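Under the working numbering, the first residue of the sequence shown is numbered 837, with each subsequent residue one higher. Every residue gets a Cβ at the ideal spot worked out from N, C-alpha and C, and that includes glycine. Predicted model only: the values in this text are computed from it and were never measured. Remarks on the structure that follows.
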Amino acid sequence: MLELDRVSKAFGGVPAVDRLELAVEAGRTVVVIGPSGCGKSTVLRLLLGLIVPDAGVVRIDGAPLEPSAVLQVRRRVGYVIQDGGLFPHLTARRNVTLMARHLRWPASRIAARLERLVDLTRFPADGLERFPIELSGGQRQRVALMRALMLDPDVLLLDEPLGALDPLIRFDLQNDLRAIFEQLGKTVVLVTHDLAEAAYFGHRIVLLRAGRKVQEGSLEDMVERPADPFVERFVRAQRTLHLEA
Ligand code: ADP
Ligand code: MG
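Put into structure tokens, the structure is as follows:
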């Protein structure tokens, strides 16, 4: 269970997240959506303990996230960002296994976990010895996902993980990701600015504007019962395909 309890965070006096209430139950996927600059990435960084709120409380399993516990939290939470954030000087294998080696896992345990993840993410095994620059965008995101899952965290935080991919690769990875979430039963917070993607993944969608929650619910709620004109505009701005008869 992840929780933001009236959390605020400002940068240079400008609120990035403003008195936000957010609760994510264990095993569920919540999608945070909204226009660029509305505070989506800040929400994830607050949940990770990378930044400290100005006001309000971040709770994990009911306990406030204390600065002293941040390292522990980082091991229970997998984090994927838009371009993958892989270390360019490490091979895919080394990127994925970095933390496990740091924690001195035995080689056999690392190998077994890696094999499982290659399977799960449908990553080509011969790609493991390649450097990030030698992989496609979709493959890099599969490596980033393996890295995030390596220590078998309870929680996955994904910041526009598919945002930089072309439509075909994105479609495949959407399918694989959703299957992985369902199979593993992780608690997931996924950030996107694409409403169709949000609806595909989310049990629940939280729409932000200027750091504030505008509406929370299903896609149907937002389309049929928009909370205000901004929601209507946001929904209308998502193009769908129309063929002339
Ligand atoms: P989103 O991910 O929705 O695009 P962000 O959470 O990255 O938005 O940013 C929200 C607001 O906070 C933006 O106005 C951004 O410029 C500002 N912001 C985010 N992080 C920082 C930072 N480290 N320093 C200064 N301003 C920041
Ligand atoms: Mg962002």
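- If the five residues before and after Gly892 are omitted, its C-beta is found closer than 8 Å to the C-beta atoms of Leu840, Asp841, Arg842, Val843, Ser844, Arg855 and Leu856, all from its own chain and listed in chain order.
- In this structure the stretch 986-994 touches the stretch 910-924; the number of beta carbon pairs closer than 8 Å is three or more.
- Taking non-hydrogen atoms of the ligand ADP into account, the C-beta of Gly892 is found less than 7 Å away from none of them.
- At least one heavy atom of the ligand ADP sits closer than 7 Å to the Cβ of Ala852.
- For Gly963, the CB contacts under 7 Å within the same chain, skipping 5 residues up- and downstream, are Ala928, Leu971 and Gln975 in chain order.
- Spanning the alpha carbons of Arg966 and Glu1018 requires a straight line of approximately 29 Å.
- The C-beta of Glu951 has fewer than 16 other C-beta atoms within 10 Å across all chains shown, which makes the residue exposed.
- For Ser904, there is no enclosing beta strand (DSSP E), as DSSP gives it neither H nor E.
- The stretch 863-876 makes no contact with the stretch 1002-1012, as fewer than three CB pairs between them are under 8 Å.
- In the three-state scheme derived from DSSP, where H, G and I count as helix and E and B as strand, Ala1034 is classed as helix.
- Here the alpha carbons of Gln1051 and Gly1038 stand approximately 14 Å from one another.
- Taking C-beta separations shorter than 6 Å and ignoring five residues to either side along the sequence, Pro1065 has no partners in its chain.
- Remark: C-beta atoms of Leu883 and Val894 approach each other more closely than 8 Å.
- Of the heavy atoms belonging to the ligand MG, at least one sits nearer than 7 Å to the Cβ of Glu996.
- Membership of Ser844 in the beta strand (DSSP E) is indicated by the continuous run Leu838 to Phe847.
- No heavy atom of the ligand MG is found nearer than 7 Å to the CB of Ser944.
- Between the C-alpha atoms of Asp890 and His925 there is a straight-line separation of about 36 Å.
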